[in-house]
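Taking it in order: structure first as structure tokens, then the write-up.
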Amino acid sequence: MTFDRRAFLGKTVTCACHLALAASVMPVAARKVWAAETLGHVVAREPFATLEKIADGVWAVISQPLNGDRTTLANGGLIAGKNAVLAVEGFNGPAGAEWLAAKSMELTGMRPTHVVLTHHHGDHANGVSGFQTNGAQCAVHATAMTRDIVVERDAKTPGALLARTTTLSAAVLLSNTEATRIDLGGRIVKIIPRGGHTQSDVTVELDDPSIVFCGDLVWNAMFPNYVDTTPSKFVGAVRGLKRAKDTLYVPGHGSLAKAREIDRYIAMLTEVEAGARKAFKAGVSAEEAGRTFMLSESLGPWALFSNVFYPRAFEAWYRELKA
Ligand SMILES: [Zn+2]
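Letter by letter, the sequence shown follows residues 693 to 1015 of my numbering.
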């Protein structure tokens, strides 16, 4: 599929819009999926998120957006070294980033000195200026595409802030050892370009302890939004980020995950692909096929936040299959 920037910008919708809709229609049973027991140790609990310690010097923000408080909305986190602290994601609004910066000060004695945006969707990026409140210094890291789309689409994000963004490589590399590295002092963070959920995604990764901040390449127990997705790249990127060794995965939405949850997620994505290929071959429209599609019960519960999510996933597959 060729990338037409104007068309792309015109139809792009943030994850946030869909989660906002979800909060009003989500049944109680599905909400419980989100409140699943955590794998981390909760150090702060807010109406909009929990902050969970997942290793020495590493914390995950697990947002709880379904009560209507969208301060953070997306997941993210903090990674601390001896000299610097890196935040993952800019969150839905500056108040989310300001909250995390204050928590960073409490937990590490430092505000975040770096922030990485995993992709351009507003719930992950639009609050990034909150890390620079009152003149605080915090270097923004994003791919050029992520930066440009955030600047174009979010009037609230100061363009001057993003103009100073450190541009990450967007080229999908042959091996993880070629990733961008940030040295926080006794701790190296790797930023790996992958793509698939959008045209430009990155993951934020540690080798020891083995932790992957997945951005929206992974949604745990929740059906992902394919609005900007290239499905074959998406599934490939998810397979690519899964490690052979015991690893903790911080998804873009939903609770913390281990290999078992990633395997279930890949199986679910694979079933969607099979359903889309079958319907495409049979000449059924993406709309109709998506509306009648059901996931196997063996895949367990998946929160479906909007009735358009299955047709949208099928439409994304059809775009590729036609091309
Ligand atoms: Zn997203």
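Glycine included, each C-beta is placed from N, C-alpha and C at the ideal position. Since the model is a prediction, treat every value here as computed from it, not as a measurement.
Under the assumption that residue i contacts residue j (Cβ atoms under 8 Å), give the Cβ distance between them as a whole number of angstroms.
i	j	result
Glu979	Pro1003	5 Å
Arg873	Ala929	Incorrect: roughly 20 Å between the Cβ atoms, too far for contact.
Asn784	Thr810	Between Thr810 and Asn784 the Cβ distance is about 14 Å, and since that is not below 8 Å, they are no contact.
Ala1008	Thr890	Rounded, the Cβ-Cβ distance is 12 Å, inconsistent with contact.
Ile746	Leu948	7 Å
Cys830	His806	7 Å
Val753	Ile771	About 12 Å separates the two Cβ atoms, so there is no contact after all.
Ala779	Gly768	7 Å
Ala974	Phe1006	The pair is not a contact, with the Cβ atoms about 12 Å apart (cut-off 8 Å).
Look at the alpha carbon of residue i and the alpha carbon of residue j, and state the distance between them as a whole number of angstroms.
i	j	result
Ser924	Gly888	8 Å
His816	Gly782	5 Å
Lys795	Glu965	41 Å
Ala981	Pro993	20 Å
Ala793	Pro804	6 Å
Val881	Arg839	20 Å
Val735	Leu1013	46 Å
Val904	Val777	16 Å
Ala836	Gly822	21 Å
Ser977	Arg983	10 Å
Asp893	Thr858	15 Å
Met960	Leu987	7 Å
Pro940	Met914	Per the sequence shown, residue 940 should be read as Leu rather than Pro. The alpha-carbon atoms of Leu940 and Met914 are separated by roughly 18 Å.
Phe1001	Ser902	32 Å
Going by DSSP, what residue range makes up the alpha helix (DSSP H) through residue i?
i	result
Ser998	It is not in any alpha helix (DSSP H) - Ser998 carries neither H nor E in the DSSP assignment.
Pro923	Pro923 to Leu933
His816	Gly814 to Ala817
Residue i bridges to which residues according to DSSP?
i	result
Thr1025	Residue coverage of the chain in this structure runs from 693 to 1015, which leaves residue 1025 outside it and unanswerable.
Pro1003	Looking at the DSSP assignment, Pro1003 forms no beta bridge with any residue, so it has no partner.
Pro885	Val894
Asp875	Ile880
His811	The partner list for His811 (beta bridge, DSSP) is empty, contrary to what the question assumes.
Thr858	His833
Trp911	His945
Give the range of the beta strand (DSSP E) segment to which residue i is assigned.
i	result
Ala789	No beta strand (DSSP E) holds Ala789; the alpha helix (DSSP H) holding it covers Pro786 to Thr800.
Ala834	Ala831 to Thr835
Val964	Per DSSP, Val964 belongs to no beta strand (DSSP E); it is in the alpha helix (DSSP H), Ala951 to Ala974.
Phe905	Ile903 to Phe905
Val734	His733 to Arg737
Tyr941	Leu940 to Val942
So is residue i in contact with chain D if we call contact Cβ pairs under 8 Å?
i	result
Gly760	Judged by its chain identifiers, the structure shown contains no chain D, having just a single protein chain.
- Mind listing, in chain order, the continuous beta strand (DSSP E) runs of no fewer than 3 residues lying wholly within the region 739-793? 741-747, 750-755, 768-772 and 777-780
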